[in-house]
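Since the structure comes first, as structure tokens, the remarks are kept for the end.
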Amino acid sequence: MKRTSFLLIIAVAAVFTANLAAPSAGAETITVQLWSRADRSGPDRAGNIVRAAALLNKQFRAAGVETRVAVEVHENNARGYDGDALALLKAFAVGRGPDLFVAAHEWVGEFAEAGYAMDLEAHIEDHPEYYGDIIPALWEAVRYKGRRYAIPQDSEVRMLFFNKEMLRRAGKDDAFIDSLPARVDRGEVTIWDLSRLAKELVDGGIAKYGILHRPNVGPDFLMTFAAFGMRFADPTSGKLLLETGPLGEALRWFAWNAENGVTPRNNTSMSWDAVKRSWYDGRTFIFHNGVWNVPEQIRAGWPGEEAAYFRRAGWMHVPPSKLGGNPANLSHPIVYCINPNSPRRALAATLAGIASLHYFNTIHAVRTFHTAINHGQAAMPAYRDHWALAAATPLLARASFMPNHPLFGRYNAILFKGLQGVELGRLTPEEGVEFITDEMAFELGEEVIVR
Amino acid sequence: MRARRRADLVLFLGPACVLLLLFYVVPVVADIAIAFSDMGRTLQMTEATTRNFERLFAGDRRLTEVASVTLLYVFGTLALFNVTYGLLLALMTTAVHPRAGAFFRTVWLLPRMSPSVVYALLWAWTIDPTETGLLNQVLHGALGLPLIDWMNDSPLLLIVFVNGFVGASMGMIIFTSAIRAIPDHLFHAARADGAGGLAIVRHVILPSIRWPLSFVTIYQTLSLLVSFEYIWLVTNGGPFYDTMVYALYVYKRAFESGFYAYGAAMALVLVAVGAVAALAMWRFMDMRALMQRPRIEVH
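Those protein sequence lines, which keep their order, are chains A and B. Numbered by the working numbering, the letters in the first sequence go through residues 1 to 451 in order. Numbered by the working numbering, the letters in the second sequence go through residues 452 to 750 in order.
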């Protein structure tokens, strides 16, 4: 709430300064409309566009140009990026689309296909001053049918947080505890080993919950499915892919956790607050979330200093399902898209370009614990001295992205519904596979290949 | 005289007809148009098709489960709360001192007067499966019973209670006014004949409020069939599909999945089911006889 208010204040300030700085009666103010989801973990996604407009206005003033740029921010209160994208599609359909919008990268394909996201290849090529240092892997997240339709706004690291103190109470030595993330990285610890360790702690009364995950649909589960070797898109046809073998194995893992008290059966009907609180209060051994949650942990009483924090908590990838396998991680970049039909599209793209510069993106990164989009940000003092980001960045090495398929949001939602049914005990893992296959065939039709 | 009659018709029937046209006929026509199209997430229609109905009747395997949840929810809420408990509340609050009766009726009206989100949040707190939930504070904290998780253990019963606490008040108000409209001399005569409380209810009150009873049953059936607001807010149709009533299923397919045309086809079925159910109950309860013109007209 505070951040939303802050955003409003800077938006108003930008408009105000724009007006103040326009002494002549004939001065023109160009208003760029920005659509952004109201998200407590990223108020600077919109804020940086407002700052970019303020910078432009300063430059205009210095050059004696009377034109001013104002940004009108529409913050949508959808629960997640899927709901936000559907609302935005409706806004476009009735001719009320914004000039510039913030979206989750997997929606780029849908917006591009509908003609609502501009092909930015030429813009990106023309402006190396904005985009010349962007981490190349991030461009993959905005590519659809070989062309770039968005600009990466951030990247992030997701991980399994684990409580080291619980392991100490269970008699594990520091060498075992501290080496756990590295052994996961080398494929020496499997996801099943982790479940058995969690069960040991639950059975011993040390942890109330062995493993807790988010209660609603989201990218985290894809990391788990990927750890079982599941791929989500067919590289040759570009269609979505459902591999029933790894899917069944993953569902058996969720079922085992629920049957053995490692994950509560009602994890998907718990509130976010209850899930997070049990990690903050030291009742959960493993909590699947992302680096942006660290500030909340610190506010809830976890140490804010690096050494003390890592004495109590550790971070790891989702371990592979078999010894020697690859652990999984997933980054979910948020992006800026430009409306190709807007008369202010060039200006909107310029604002997105300025907002992508190191200085502005670092404001977002350090305030909300998101990883950088430019290589050079790592050398900036504010970023370099940010211990959580420094510690999280190496995890990006294992990161993959969701496919930019227009129907991936539905694919992910159906996977979630199936695993929810299995975890609750309403479906066996085999029935879960059948449910997911059936729902995907029904909703996605020929856009999904089932193997 | 004819002009006067015409003016009366326009004056008395006109507003109702306009409302019916705007809020029933026009939406139904729009719904039919969308149901026979391919409208998807971008709201564009490119072809006319019957594919949505083929999918609905041949392809949607969740439908049987959703239909049975809906039937249990509608008739469970009606039977436990909207009619039965509403009647019970009316009987009890008219039997006690008028002030006490008014007080209890006001208490039972509170859920209906509360904003639905506030009401749903209170329920979310009440049924929270951890030690912080109100029910668990009482049952687990004070009485030492094991923690309960109502949402997962009896989700259908939960949504019946959530809707019933709101729904009972409407029946209560209508039945209360109907009971109060029964002439006092009928009660006196029954007492003089030695009738006890239950006999008065059975032989005096119930026959006198047959019309409101039938009306509330029909109205609430239709209302429950299409409402999902509280279910959406409290359980969101879950866990899994345990509380997925048909109207919520339509909403989710249309607005969460973005299959607007398919949602419109499903909604059309709901319109048809609602119309058939209303006509069947109208006939079954002989509403025509109950609504006939009075035989004596006082001028």
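Every residue gets a Cβ at the ideal spot worked out from N, C-alpha and C, and that includes glycine. Note that the structure is predicted; figures quoted are calculated from it, not measured.
Can you list the residues of chain B that residue i reaches, using a CB-CB cut of under 8 Å?
i	result
residue 86 of chain A	492, 706, 707 and 709
residue 93 of chain A	493, 494 and 495
residue 259 of chain A	Neighbours of residue 259 of chain A on chain B: none; closest Cβ ~15 Å, over 8 Å.
Going along chain A, which residues have a C-beta under 7 Å from residue i?
i	result
residue 512 of chain B	438
residue 580 of chain B	266
Note down, in chain order, every chain A residue with its Cβ under 9 Å from the Cβ of residue i.
i	result
residue 602 of chain B	266 and 269
Applying the criterion that 16 or more other CB atoms from any shown protein chain within 10 Å of the CB defines a buried residue, is residue i buried or exposed?
i	result
residue 686 of chain B	buried
residue 214 of chain A	buried
residue 237 of chain A	exposed
residue 475 of chain B	exposed
residue 515 of chain B	exposed
residue 639 of chain B	exposed
residue 171 of chain A	exposed
residue 272 of chain A	exposed
residue 620 of chain B	buried
residue 704 of chain B	buried
Just the C-alpha distance for residue i and residue j, rounded to the nearest angstrom, thanks.
i	j	result
residue 351 of chain A	residue 380 of chain A	22 Å
residue 279 of chain A	residue 324 of chain A	30 Å
residue 398 of chain A	residue 330 of chain A	7 Å
residue 546 of chain B	residue 616 of chain B	21 Å
residue 571 of chain B	residue 683 of chain B	9 Å
residue 442 of chain A	residue 502 of chain B	12 Å
residue 467 of chain B	residue 458 of chain B	15 Å
residue 700 of chain B	residue 210 of chain A	33 Å
residue 39 of chain A	residue 404 of chain A	22 Å
residue 286 of chain A	residue 164 of chain A	10 Å
residue 439 of chain B	residue 690 of chain B	Given a span of 452 to 750 for chain B in the structure shown, any question on residue 439 of chain B remains unanswerable.
residue 48 of chain A	residue 65 of chain A	22 Å
residue 332 of chain A	residue 670 of chain B	48 Å
residue 255 of chain A	residue 423 of chain A	5 Å
residue 224 of chain A	residue 605 of chain B	30 Å
residue 517 of chain B	residue 553 of chain B	39 Å
residue 203 of chain A	residue 261 of chain A	8 Å
residue 124 of chain A	residue 495 of chain B	30 Å
residue 252 of chain A	residue 429 of chain A	5 Å
residue 184 of chain A	residue 389 of chain A	20 Å
residue 594 of chain B	residue 587 of chain B	9 Å
Specify the secondary structure class of residue i as computed by DSSP and reduced to three states.
i	result
residue 594 of chain B	coil
residue 401 of chain A	coil
residue 330 of chain A	strand
residue 241 of chain A	strand
residue 603 of chain B	helix
residue 380 of chain A	coil
residue 72 of chain A	strand
residue 134 of chain A	strand
residue 633 of chain B	coil
residue 456 of chain B	helix
residue 406 of chain A	coil
residue 375 of chain A	helix
residue 210 of chain A	strand
residue 314 of chain A	strand
residue 614 of chain B	helix
residue 320 of chain A	coil
residue 463 of chain B	helix
residue 476 of chain A	Residue coverage of chain A in this structure runs from 1 to 451, which leaves residue 476 of chain A outside it and unanswerable.
residue 27 of chain A	coil
residue 159 of chain A	strand
residue 427 of chain A	coil
residue 141 of chain A	coil
Please list, in chain order, the chain B residues whose beta carbon lies closer than 9 Å to that of residue i.
i	result
residue 421 of chain A	690, 691 and 692
residue 444 of chain A	Going along chain B, no residue has its Cβ under 9 Å from residue 444 of chain A, so there is no contact; the nearest lies around 10 Å.
residue 274 of chain A	579, 580, 581 and 583
residue 447 of chain A	Chain B residues near residue 447 of chain A: none, gap ~12 Å exceeds 9 Å.
For residue i, return the contacting residues in chain B, with the cut-off set at a CB-CB distance below 7 Å.
i	result
residue 410 of chain A	708
residue 426 of chain A	691
residue 90 of chain A	494
residue 114 of chain A	493
residue 430 of chain A	What residue 430 of chain A touches in chain B: nothing, since even the nearest Cβ is about 16 Å away.
residue 500 of chain A	Nothing can be reported for residue 500 of chain A: it is not among the residues displayed for chain A, which extend from 1 to 451.
Quick check: does the Cβ of residue i come within less than 7 Å of any heavy atom belonging to the ligand FAD?
i	result
residue 214 of chain A	Questions concerning the ligand FAD fall outside what the structure shown contains, since it holds no ligand whatsoever.
What ranges does the alpha helix (DSSP H) occupy inside the stretch 232-310 of chain A, keeping only unbroken runs of at least 4 residues that lie completely in it? 244-259, 272-280 and 294-299
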